[in-house]
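Asks: In the working numbering, the protein residues as written are 1 to 124. Backbone N, C-alpha and C define an ideal beta-carbon position, used for all residues, glycine too. Keep in mind it's a predicted model, so treat the numbers as computed, not measured.
#1: In this structure, how does DSSP classify residue 54 when only helix, strand and coil are distinguished?
#2: Relative to the alpha-carbon of residue 109, which residue among 77, 55 and 7 has its alpha-carbon at the smallest distance?
#3: Keeping to the same chain, check which residues put their C-beta closer than 7 angstroms to that of residue 22; ignore five residues upstream and five downstream.
#4: Does the Cβ of residue 106 have 16 or more other Cβ atoms within 10 Å, making it buried, or fewer, making it exposed?
#5: If we count the other Cβ atoms within 10 Å of its Cβ and call it buried at 16 or more, is residue 96 buried or exposed?
#6: Is the segment 47-62 touching the segment 13-33 in the sense that three or more CB pairs, one from each, lie closer than 8 angstroms?
#7: On a Cα-Cα basis, can you pick out the residue from 53, 9, 18 and 101 that is closest to residue 65?
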């Protein structure tokens, strides 16, 4: 890789700055669509930075739930098989807890300002 060319984070910052500068020049549907594009860009940026950690967290939740090791794809497949054949109850508290943690993690990517609903002060 060449050391004199801009790095990914510098390119991303320049792209963001250019797009944000366009917002005041637009109206109506075009302005809305640019804001949607910037939001999608933000999600991509967050996922690029944290996707590996999020996938590993999901994998570890599934390892604990299924009491076996494997890749994330293998563990997801195993969970689906167990749900299908009845070895895993769909209403089991440990399953619901793992799924809830996954949804909250996904929301953290998609909408970091999201304030989850807590039960009895418990965020998980």
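Replies: On the basis of the coordinates in this document:
#1: helix
#2: 55
#3: 34
#4: exposed
#5: exposed
#6: no
#7: 101
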